[in-house]
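Visitor: Dropping the structure in here first, questions after.
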Amino acid sequence: MLGRISRTIGLLSLLFSMTGLLLGAVGCSSKNPPANLNNNSNTSGPSPITSVAITGQLIARTIVVGESLADGDFCVIASGDQLVYQWFKDGSPFAGSYGACLLINNAQISDSGIYKVRVSIAGAASSAAESLGARLTVQTTAPAVNPAVITANLQNKTVTVGDDLTGFCVTATGSNLAYQWFHNSSPIAGATTKCYNKTNVQTSDGGLYFVRLTTSLNGASAVKDSATATLTVSTSTVQPATITAQPPNRTLNVGENLTGLCVTATGTNLTYQWYKNGNALSGATANCFNKNNAQTTDSGTYFVRLKTTNGSASTTKDSNNASVTVNQPSVAPAVITANLQAKTVTEGNALSGFCVTATGSNLTYQWFKNGAPVTGATASCFNKTSVQLSDAGNYFVLLTTSANGAHATKESATVALTVNPKPAPISCTYSMGGQSAINFGSTLVETIQCANVPSTATIELLGTKDGNAQGPWTITLSAGKWTRSTVMSQESMVGKYIRHVDVLSSSGNLLFQTLDVTVTVRPPANCTFALYSNLNPTTPKSVAIAHKTTKLFYNCISQHWDGYCTAFETVNVTCNNGEMTKVNTSGNSCLVVNGWDDSYYVPHGGLKGSCLGDDYVSQQCVNGTLGAAEIFTPRGCWSGG
């Protein structure tokens, strides 16, 4: 619950601060920073300390539900100028405290955890130091003995080197009360009374002090720590300021003017710097701190640092703390009529309908994601044109009503915005064997390969042949692939084919389309063969044949006395694509016509004796290689010498 309260206070600070100052925890005070560690940059004096060092670590604490952590209860000690503190709980930023001490009102079980604090210099976040973690335990039952009740807490003290320290005391009540003083988080040997006195104080005695008070009864014990106070040991010959009137506590309502927060003091060349919750207030350098139109964010703990100077020497002295409480008149909070509902969108899509509906006086909205305000999200709906994965998180809306200077806040339900990653892009390719043209009679191999196609989508193959539409054919993939082989052996298959693939959604919308792929099926070769005799080379015998329908042969036209042929015919081939091939009759080679293998005849050993017989052989060419022999009867022979 306290985390919720702290967050609400932090939200009010964000939305209604008139000055940009941080909000302190209502009802708690922030411990004065050490005088020699937080010098105001507006005053003259030694050069500021520009690095941060943790000189006193957090110490584990145990408290009971309903108790509070105040100044000095749970603190870190650090050196440096203009220090800024950021607290963390269980590794996450904690918005409920802004000074060196953790401040919690009405602690609950949920406040238990490991706390640490990062200390940096204002305007130089890179110069930072981080404390070790310490556990805060909030237990449900009170111990068997009540802790001490502090009636007068420890206060800051300033002494000069060589003087005696007196009056550094705490007043408390409790059963069998015992004391143990600590200096910079380390116990001081022998310092076990309510006052810590020391003669001949030295600079090494400066620092932060607190007293651990232990009560005991029937074997049980309880521990309570006092506030942490600063002991400043001045080496300057300049006397510190003498405060004759401390700043008083002030209580007022929202919209009223804060006045009368003043200190009265004397000193050499006296200057002033006011602090709120341990942080210097810009421009607050008079003996009084006044502010018009006070808001709840102005509530907090204030003190003023007084500085006396003489030449280059200076001494500071802090006033007592003063509490400022700005009360807010009541106003009815918003009434939520339709609460925020969880939503799921896909990356890259628009976010809409993420809304809350409410009524209230002068109603305003502020959206929060993972506890942090969303810049510019101040409407009843949070819309976005293109949602990214980084937009996922837990959201709520802070609704603020206002009337007559009063404000009330109400939070919507906290719900999750889930952003699903966009699916991988569809990818498809279509190919016709990687060829732009194939010959008649060849096999056309078509292949489609796809990836990331939704199961509800339809894949279609379509295109044209010689400009006439074909398809679509619905494709079914197997392991992301489809293939089809077609022998282009019919005259009707000759032509120019253009193909592409469409991927369609279940509603018919085009999801993906491949580029057009083109292939031409050439027509069959039509050739004229001119036969020439080596005895009569100028008189051809022309034979026109269709491709692979008529076989060619070489004729023996003259026979030697021993029966062997002495003259043969040769062949020239002219085809319809203009190609010319001349066949050598002396070897067994294949004739290629228009890219196709053809056949021809070669002598089968010539003629011996009779002209009759199986004297010629036809051998079909297949892919450039002669195939099985086929026997043919010769056309005739001529005898001769």
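Counting from 5, one number per residue, gives the positions in the sequence shown under the working numbering. Note that CB positions come from ideal geometry on N, CA and C, so glycine has one too.
Output the residue ranges of the beta strand (DSSP E) runs that lie fully inside the segment 73-105 and measure 3 residues or longer, sorted by chain position.
Guide: As far as the segment 73-105 is concerned, its whole beta strand (DSSP E) runs of at least 3 residues are 81-83, 87-93, 96-98.
Visitor: Looking at C-alpha atoms only, which residue of 298, 487, 309, 351 is the closest neighbour of residue 284?
Guide: For residue 284, the nearest C-alpha among the options comes from 309.
Visitor: With DSSP as the reference, please indicate the residues paired to residue 314 in a beta bridge.
Guide: BP columns for residue 314 point to 317.
Visitor: With DSSP run on the structure shown, which of helix, strand or coil describes residue 451?
Guide: Residue state, collapsed to three classes: strand.
Visitor: Hey, quick one: how far does the beta strand (DSSP E) through residue 499 stretch, first residue to last?
Guide: Looking at the DSSP string, the run of the beta strand (DSSP E) that includes residue 499 is 499-508.
Visitor: Decide if the segment 426-440 is in contact with the segment 403-418; the criterion is three or more beta carbon pairs, one per stretch, under 8 angstroms apart.
Guide: No: fewer than three Cβ pairs fall under 8 angstroms.
Visitor: Report the residue from 422, 469, 494, 461 whose alpha carbon sits nearest the alpha carbon of residue 479.
Guide: Ranking the options by Cα distance to residue 479, first place goes to 461.
Visitor: Would you mind working out which of 507, 508, 502, 510 sits nearest residue 523, comparing C-alpha positions?
Guide: For the residues 507, 508, 502, 510, the minimum Cα distance to residue 523 belongs to 502.
Visitor: If you reduce the DSSP assignment to three classes, tell me which class residue 495 lands in.
Guide: Looking at residue 495 - three-state DSSP - the assignment turns out to be helix.
Visitor: Considering just the uninterrupted stretch of the beta strand (DSSP E) at residue 327, what are its terminal residues?
Guide: Residue 327 -> beta strand (DSSP E) spans 326-331.
Visitor: For the pair the segment 166-175 and the segment 81-100, tell me if three or more CB-CB distances fall below 8 angstroms.
Guide: No, they do not touch.
Visitor: Here's a check: name, in chain order, each residue in its chain whose Cβ is nearer than 7 angstroms to the Cβ of residue 488, leaving out the five neighbours to either side.
Guide: Cβ within range, chain order: 450.
Visitor: Report the three-state DSSP secondary structure of residue 393 (helix, strand or coil).
Guide: The answer is helix: DSSP assigns residue 393 an H, G or I state.
Visitor: Please state whether DSSP places residue 489 in a helix, a strand or coil.
Guide: It is a strand residue.
Visitor: Counting only runs that start and end within the segment 117-163, where is the beta strand (DSSP E) found for 3 or more residues in a row?
Guide: Listed in chain order, they are 117-125, 128-134, 138-143, 153-156.
Visitor: Beta strand (DSSP E) containing residue 228: first to last residue?
Guide: That run of the beta strand (DSSP E) goes 224-229.
Visitor: Going by Cα to Cα distance, which pick from 106, 144, 213 is closest to residue 114?
Guide: If we check each option's Cα against that of residue 114, 144 comes out closest.
Visitor: When you compare the CB positions of residue 67 and residue 141, do they come within less than 9 angstroms of one another, or not?
Guide: For residue 67 and residue 141, yes; Cβs fall inside 9 angstroms.
Visitor: Based on the DSSP secondary-structure assignment, which residues constitute the bridge partners of residue 322?
Guide: Per DSSP, 309.
Visitor: Going by beta carbon distance, what residues of the same chain come within less than 6 angstroms of residue 160, once the five residues before and after it are set aside?
Guide: Excluding positions up to five away in sequence, the list reads 36, 233, 234, 322.
Visitor: Would you call residue 525 buried or exposed, if buried means 16 or more other Cβ atoms sit within 10 Å of its Cβ?
Guide: Under this definition residue 525 is a buried residue.
Visitor: DSSP on residue 114, reduced to helix/strand/coil?
Guide: Residue 114: helix per DSSP, three-state reduction.
Visitor: What residues are listed by DSSP as bridge partners for residue 299?
Guide: DSSP lists no partner for residue 299.
Visitor: Check whether the segment 154-168 touches the segment 101-111, taking contact to mean three or more Cβ pairs, one atom from each stretch, closer than 8 angstroms.
Guide: Too few Cβ pairs lie closer than 8 angstroms, so no.
Visitor: Give the DSSP-derived three-state secondary structure of residue 208 in the structure shown.
Guide: In this structure, residue 208 counts as helix in the three-state DSSP scheme.
Visitor: Would you kindly check if the distance between the Cβ of residue 261 and the Cβ of residue 297 is under 9 angstroms?
Guide: Yes. Within cutoff.
Visitor: Please state if the CB of residue 458 and the CB of residue 412 are separated by a distance shorter than 9 angstroms.
Guide: Contact flag unset, no.
Visitor: My guess is that residue 281 and residue 304 are in contact by the Cβ rule of under 8 angstroms, so how many angstroms apart are they, rounded?
Guide: That belief holds up - the Cβ atoms of residue 281 and residue 304 are roughly 5 angstroms apart, short of 8 angstroms.
Visitor: Helix, strand or coil: which one does DSSP assign to residue 443?
Guide: Residue 443: coil per DSSP, three-state reduction.
Visitor: Decide if residue 83 is buried, meaning its Cβ has at least 16 other Cβ atoms within 10 Å, or exposed.
Guide: Classification for residue 83: buried.
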